[in-house]
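A short worksheet on the structure shown next.
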Amino acid sequence: MTSTASSMDSMDTRQDQAPHERRPPWQRRLRRFGHPAVPEGDVRDRLVPPYTRPGPRLWAFLGLGGPAADRLVKWSAWGGPLLVTLVAGVLRFWDLGSPKAVIFDETYYAKDAWALIHRGFEVNWDKNANDLVLNSGGDVSIPTDAAYVVHPPVGKFVIGAGEWLFGFGPFGWRFMTALLGTLSVLLLCRIGRRLFRSTFLGCLAGALMAVDGLAFVMSRTALLDSVLVFFVLAAFGCLLVDRDRARARLAAALPVDAADGRARPDAHIAATTRIGWRPWRWAAGLMLGLAIGTKWNGLYILAAFCVLAVLWDVGARRVAGAARPRLAVLRHDLGWAFLATVPVAVLTYLASWTTWILSPADGSGGYYRDWAATDGKDSGWSWLFPDWWRSLWHYESQVLEFHTHLTSPHTYQSNPWSWIVLGRPVSYFYESPSPGTDGCPADAGEKCAREVLALGTPLLWWVGCFALLYVLWRWLFRRDWRAGAIACGVAAGYLPWFMYQERTIFLFYAVVFLPFLCLAVAMLLGAVVGRPGSSDTRRAAGAMAAGVLVLLIAWNFIYFWPIYTGTAIPMDDWRSRMWLDTWV
Numbered sequence: 005m006t007s008t009a010s011s012m013d014s015m016d017t018r019q020d021q022a023p024h025e026r027r028p029p030w031q032r033r034l035r036r037f038g039h040p041a042v043p044e045g046d047v048r049d050r051l052v053p054p055y056t057r058p059g060p061r062l063w064a065f066l067g068l069g070g071p072a073a074d075r076l077v078k079w080s081a082w083g084g085p086l087l088v089t090l091v092a093g094v095l096r097f098w099d100l101g102s103p104k105a106v107i108f109d110e111t112y113y114a115k116d117a118w119a120l121i122h123r124g125f126e127v128n129w130d131k132n133a134n135d136l137v138l139n140s141g142g143d144v145s146i147p148t149d150a151a152y153v154v155h156p157p158v159g160k161f162v163i164g165a166g167e168w169l170f171g172f173g174p175f176g177w178r179f180m181t182a183l184l185g186t187l188s189v190l191l192l193c194r195i196g197r198r199l200f201r202s203t204f205l206g207c208l209a210g211a212l213m214a215v216d217g218l219a220f221v222m223s224r225t226a227l228l229d230s231v232l233v234f235f236v237l238a239a240f241g242c243l244l245v246d247r248d249r250a251r252a253r254l255a256a257a258l259p260v261d262a263a264d265g266r267a268r269p270d271a272h273i274a275a276t277t278r279i280g281w282r283p284w285r286w287a288a289g290l291m292l293g294l295a296i297g298t299k300w301n302g303l304y305i306l307a308a309f310c311v312l313a314v315l316w317d318v319g320a321r322r323v324a325g326a327a328r329p330r331l332a333v334l335r336h337d338l339g340w341a342f343l344a345t346v347p348v349a350v351l352t353y354l355a356s357w358t359t360w361i362l363s364p365a366d367g368s369g370g371y372y373r374d375w376a377a378t379d380g381k382d383s384g385w386s387w388l389f390p391d392w393w394r395s396l397w398h399y400e401s402q403v404l405e406f407h408t409h410l411t412s413p414h415t416y417q418s419n420p421w422s423w424i425v426l427g428r429p430v431s432y433f434y435e436s437p438s439p440g441t442d443g444c445p446a447d448a449g450e451k452c453a454r455e456v457l458a459l460g461t462p463l464l465w466w467v468g469c470f471a472l473l474y475v476l477w478r479w480l481f482r483r484d485w486r487a488g489a490i491a492c493g494v495a496a497g498y499l500p501w502f503m504y505q506e507r508t509i510f511l512f513y514a515v516v517f518l519p520f521l522c523l524a525v526a527m528l529l530g531a532v533v534g535r536p537g538s539s540d541t542r543r544a545a546g547a548m549a550a551g552v553l554v555l556l557i558a559w560n561f562i563y564f565w566p567i568y569t570g571t572a573i574p575m576d577d578w579r580s581r582m583w584l585d586t587w588v
């Protein structure tokens, strides 16, 4: 059996007792809740824990020797995630052009994307534009009148790339979200592997996301949120790689005991060592800028991830032996951490508006592009900032006003309190075909239901509620940094929406923190399987329980498949899938 979350406790969370006098009072108080003592041993293993390997019983069961086992472990690091990604890709690209319709907010983003890649800014379309696009195969003229839109252009440029490749039709405008939704599964597999030091748990987290209904539907719809998920995951992955490499440099600088070959903490080295060039942190800044350029809630992700990265630096210097790790980080890390993330993200965001900035400022360009030369010509800042900057600033201030005061009622709006239990999913598409038409069986007896419902796989999300409690316990009482990282990802994508409970918001916004929910469930299932040192009976029972739960989640996804894909089913079958009254 491969390693589990509980067996993956990095060396800084092992149960080995350290001398009592070395433990600060807060650790001694938390011991009653299961907080482990500070371990002794090679500090390099605490800074960069090794990846775990399956135990000898698994190799004996498979009949593999040492060299073959080594090759399999090496292959599985990428082979396992790629296999999970292949399954996710087949699911997402299967019959991607169905329904052949403009569903939900595709009516905005599909057309905005087409205008962006041809004109450089969004335009006002005729009311019957959707029918014209579908009936003409996308061969329609593009209006020239600029439109007021409330989301930045990055996500629409991404959608437009698919339209440029495959045409202005359902497959074209859904292609890139399906591709990024598939690649997000690959990212999550690799992130989970690095986070847990376990290929098995990483692939499990990715597999859970592959069979989540909300992630699946969002990947097959031309909305911005799947694009946002990809950039958020990419940024988190970059920060994880940066964490490992920075800690490896610290570990390499520590003195090694000649007697036993172990590295020991050193207060001076830990406090003064400069980590040096950190390209992965700059890459994270770029990804976060693209996230903000997709939807503004990426700003909350930026803030949370920046704090997380700094806390990781503090933890690294503390483990390496720094007496005042916060002061050391303030002197050597904080400034560079800020420069690599916030300015990079801001510049990336500004660069995403390039086509709008370069559009004419005579009234024929982007919306508000001529504001500085007309309504804003008497601005007190006109001498300091160029016209394009002042026009963009005005545009963004108007967008902020819109987002903070959007209270128009909508049938499918929901309160964020209900998201975690899937209280009010969003119907993207619904038709009632007659028997013998549009896939409705001729012997159905009554009209069928054909729906695309943005609903997470219920069992996965409901187990996720318990997984989040487990993660919080691991973080608060066992000081497990992995649990803290997962909790940070969930909080950054979820908690800000509680500040806008009067605003019109929807459950599908929760897809942003879904990958971290999958990591939480994977961590919980690893604990259910048990530690490698546990008895065979305990491990077998744990593996059976975890396996049954995963199979039930997969079955749950298959059961709801018709209402994820818009497959026509008899009305009774549709009703049987409406488990809660609020789903109708």
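Positions 5 to 588 (our numbering) are the ones given, in order, by the sequence shown.
By construction, the Cβ of each residue, glycine as well, lies at the ideal position given by its N, Cα and C atoms.
Beta bridge counterpart(s) of residue i as assigned by DSSP
i	result
residue 457	431
residue 620	As displayed, the chain neither begins before 5 nor continues past 588, which places residue 620 out of reach and without an answer.
residue 452	574
residue 150	127
Close beta carbons around residue i, own chain, < 6 Å, minus the five adjacent residues each side
i	result
residue 180	162, 163, 165, 166
residue 267	46, 47, 48, 258, 260
residue 312	492
residue 568	217, 220, 221
residue 322	329
residue 494	517, 520
residue 566	573
residue 141	none
residue 206	193, 196, 197
residue 578	453
residue 55	201
residue 474	528
Beta-carbon contacts of residue i that lie in its chain and below 8 Å, excluding the five residues immediately before and after
i	result
residue 362	124
residue 25	The predicted model places residue 25 with a pLDDT of 41, which falls under 50 and marks its position as unreliable; any figure quoted below should be read in that light. The answer is none, since no qualifying residue turns up.
residue 413	508
residue 461	215, 216, 217, 218, 557, 560, 561, 564
residue 411	506, 507, 508
residue 449	439, 574
residue 146	118, 119, 122, 123, 127
residue 447	439
Whether residue i touches residue j by CB criterion (8 Å)
i	j	result
residue 612	residue 110	Outside the shown range of the chain, which is 5 to 588, sits residue 612, and nothing can be said about it.
residue 299	residue 228	yes
residue 457	residue 431	yes
residue 582	residue 452	no
residue 564	residue 108	no
residue 210	residue 236	no
residue 270	residue 339	no
residue 523	residue 315	no
residue 492	residue 308	yes
residue 53	residue 353	no
residue 288	residue 345	yes
residue 426	residue 465	yes
residue 284	residue 249	yes
residue 172	residue 137	yes
residue 416	residue 399	no
residue 374	residue 279	no
residue 297	residue 158	yes
residue 276	residue 254	no
residue 184	residue 231	yes
residue 376	residue 366	no
residue 233	residue 515	yes
Own chain partners of residue i with C-beta closer than 7 Å, once the 5 adjacent residues on each side are dropped
i	result
residue 182	96, 97, 100, 223, 224
residue 585	none
residue 588	582
residue 291	235, 238, 239, 242
residue 549	532
residue 177	110, 114, 117, 163, 166, 167, 226
residue 91	214
task = Can you check the segment 229-292 for any alpha helix (DSSP H) of at least 4 residues that lies completely inside it and give the ranges in chain order?
result = At a cut-off of 4 residues, the continuous stretches assigned as alpha helix (DSSP H) that sit fully inside the segment 229-292 are 229-257, 271-276.
request  = Within the segment 391-441, note down every full beta strand (DSSP E) run reaching 3 residues or more, in order along the chain.
outcome  = Qualifying beta strand (DSSP E) stretches, in chain order: 430-435.
task = Could you tell me whether the segment 420-431 touches the segment 388-398, where touching means 3 or more Cβ pairs closer than 8 Å?
result = The segment 420-431, when compared against the segment 388-398, does not touch it at the 8 Å Cβ threshold.
ask   = Is there contact here, the segment 376-388 with the segment 349-360, by at least three beta-carbon pairs under 8 Å?
value = The segment 349-360 and the segment 376-388 do not touch, with fewer than three beta-carbon pairs separated by less than 8 Å.
message = Between the segment 536-548 and the segment 473-491, can you find at least three pairs of beta-carbon atoms closer than 8 Å?
response = They do not touch, by the three-pair rule.
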